[in-house]
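Student: I am attaching a structure below and will ask some questions about it afterwards.
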């Protein structure tokens, strides 16, 4: 097995990641998605362990009817991911025939700067493959109603609303190595309305389908005669305080 560096511990989970990791877009998983996208004239975003030389990344790939489009490497690594994955160092938005698509992975959405930068680059929709887990006692209790939003859902709603972008979040279900997953996949419109979902709970697998006009993300940035969200940003006040004074991705 390839030596992936002394900074990474030989954890069982990491060994599995190494065995399952594939290069993009040459790997068999990516090639299968490329074939499906061509067959169904569709755009597909999927998460996988990416191998690039001796490095591993938690990545998502975007493919379309014409083939491979781009990759997002998870920027914000969660827990023991830091022991075997490298963090991504690029925030990309991809131009497609249906609109501009950005990607995030799970813990990425806890950082509003990422969505803000993607919106500043013109993203119409953020596609988010995720492994959300219950993060408080109530979510772990099993007492949530089927249509009740979890904390992760509220983050997607908030990020969509304040940046006027679509969010499409696909979470897993079931339990792996003692860790339950939340489900509750959803689609949020640029006004922050959850228009599809939350779907799937516990071990129930569901297909969530929604008709989205991605161009709404561009139209809805004007809220009234006096407020256009990108123009209302007070970059003169807070960009310097936040260390963003040289940010090339400001609206």
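Numbering (UniProt numbering), first residue to last: 1 to 251.
A virtual CB, placed ideally from N, CA and C, is assigned to each residue, including glycine.
Remember, it's a predicted structure, so these values are computed and weren't measured experimentally.
Where does residue 179 fall in DSSP's three states?
Tutor: For this step, residue 179 is matched to residue 179 along the chain shown. It is a strand residue.
Student: Whole angstroms are fine: how far does the CA of residue 110 sit from the CA of residue 238?
Tutor: Looking up residue 238 in the chain shown gives position 238. Looking up residue 110 in the chain shown gives position 110. Rounded to the nearest angstrom, the two C-alpha atoms are 20 Å apart.
Student: What separation, rounded to the nearest whole angstrom, lies between the Cα atoms of residue 31 and residue 64?
Tutor: Working through the chain shown from its first residue, we reach residue 31 at position 31. Working through the chain shown from its first residue, we reach residue 64 at position 64. C-alpha separation (whole angstroms): 11 Å.
Student: Decide if the region 38-48 is in contact with the region 118-130; the criterion is three or more beta carbon pairs, one per stretch, under 8 Å apart.
Tutor: Taking 8 Å as the limit for Cβ pairs, the verdict is that the region 118-130 does touch the region 38-48.
Student: Who are the near neighbours of residue 95 in its chain, counting only those whose CB is closer than 7 Å to its CB and skipping five residues on each side?
Tutor: To locate residue 95, count along the chain shown from 1; it is residue 95. Cβ within range, chain order: n/a, list empty.
Student: Please name the residue, chosen from 182, 137, 163, 141, that lies closest to residue 152 on a Cα-to-Cα basis.
Tutor: Mapped onto the chain shown, residue 152 falls at position 152. Out of 182, 137, 163, 141, 182 has the C-alpha closest to the C-alpha of residue 152.
Student: Could you tell me how far apart the beta carbons of residue 214 and residue 98 are, in whole angstroms, since I believe they sit closer than 8 Å?
Tutor: Within the chain shown, residue 214 is the residue found at index 214, counting from 1. Within the chain shown, residue 98 is the residue found at index 98, counting from 1. So it is a contact: roughly 6 Å between Cβ atoms.
Student: Between the beta-carbon of residue 149 and the beta-carbon of residue 162, is there less than 9 Å?
Tutor: In the chain shown, residue 149 corresponds to position 149, counting from 1. In the chain shown, residue 162 corresponds to position 162, counting from 1. No.
Student: Nearest-angstrom Cα distance between residue 50 and residue 23?
Tutor: By one-based count along the chain shown, residue 50 stands at place 50. By one-based count along the chain shown, residue 23 stands at place 23. Cα to Cα, residue 50 sits roughly 5 Å from residue 23.
Student: Out of 105, 220, 199, state which residue places its alpha-carbon closest to the alpha-carbon of residue 146.
Tutor: The residue labelled residue 146 in the question sits at position 146 within the chain shown. Looking at the Cα atoms, 199 is the closest of the given residues.
Student: Taking the DSSP output, what are the residues bridged to residue 186?
Tutor: For the purposes of this step, residue 186 is taken as residue 186 along the chain shown, with counting starting at 1. 169.
Student: For residue 198, which of helix, strand or coil comes out of DSSP?
Tutor: Looking up residue 198 in the chain shown gives position 198. Residue 198 falls in the strand class under three-state DSSP.
Student: Just the C-alpha distance for residue 225 and residue 218, rounded to the nearest angstrom, thanks.
Tutor: Indexing the chain shown from 1 puts residue 225 at position 225. Indexing the chain shown from 1 puts residue 218 at position 218. When rounded, the distance between both Cα atoms is 16 Å.
Student: Between which two residues does the alpha helix (DSSP H) containing residue 163 stretch?
Tutor: On the chain shown, position 163 is the one that residue 163 refers to. Note, residue 163: alpha helix (DSSP H), 151-163.
Student: Taking DSSP as the reference, what is the three-state secondary structure of residue 43?
Tutor: The residue given as residue 43 occupies position 43 in the chain shown. It is coil, neither helix nor strand.
Student: Please report how far the alpha carbon of residue 138 lies from the alpha carbon of residue 154, in whole angstroms.
Tutor: If you number the chain shown from 1, residue 138 lands on position 138. If you number the chain shown from 1, residue 154 lands on position 154. Rounded to whole angstroms, residue 138 to residue 154 spans 15 Å at the Cα level.
Student: Kindly indicate which residue of 164, 160, 175 has the alpha-carbon position closest to the one of residue 134.
Tutor: Here residue 134 refers to the residue found at position 134 of the chain shown. Of the candidates 164, 160, 175, the one whose C-alpha sits nearest the C-alpha of residue 134 is 175.
Student: Note the first and the last residue of the continuous alpha helix (DSSP H) segment covering residue 113.
Tutor: The sequence position of residue 113 within the chain shown is 113, counting from 1. From DSSP, the alpha helix (DSSP H) with residue 113 extends over 112-120.
Student: Just to check my reading of the structure: residue 76 and residue 59 have Cβ atoms closer than 8 Å, yes? What is that Cβ distance to the nearest angstrom?
Tutor: Counting from 1 along the chain shown, the entry for residue 76 is found at position 76. Counting from 1 along the chain shown, the entry for residue 59 is found at position 59. In fact, because the Cβ distance is near 13 Å, the residues do not count as touching under 8 Å.
Student: Rounded to the nearest angstrom, what separates residue 52 and residue 228 at their Cα positions?
Tutor: In the chain shown, the residue the question calls residue 52 occupies position 52. In the chain shown, the residue the question calls residue 228 occupies position 228. Going by the C-alpha atoms only, they are around 41 Å apart.
Student: By alpha-carbon positions, which one of 194, 186, 171 ends up nearest to residue 203?
Tutor: Indexing the chain shown from 1 puts residue 203 at position 203. With distances taken between Cα atoms, residue 203 lies closest to 171.
Student: Indicate the three-state DSSP secondary structure (helix, strand or coil) for residue 49 in the structure shown.
Tutor: Stepping through the chain shown from its first residue, residue 49 is reached at position 49. Residue state, collapsed to three classes: strand.
Student: What residues are listed by DSSP as bridge partners for residue 72?
Tutor: For the purposes of this step, residue 72 is taken as residue 72 along the chain shown, with counting starting at 1. Looking at the DSSP assignment, residue 72 forms a beta bridge with 60.
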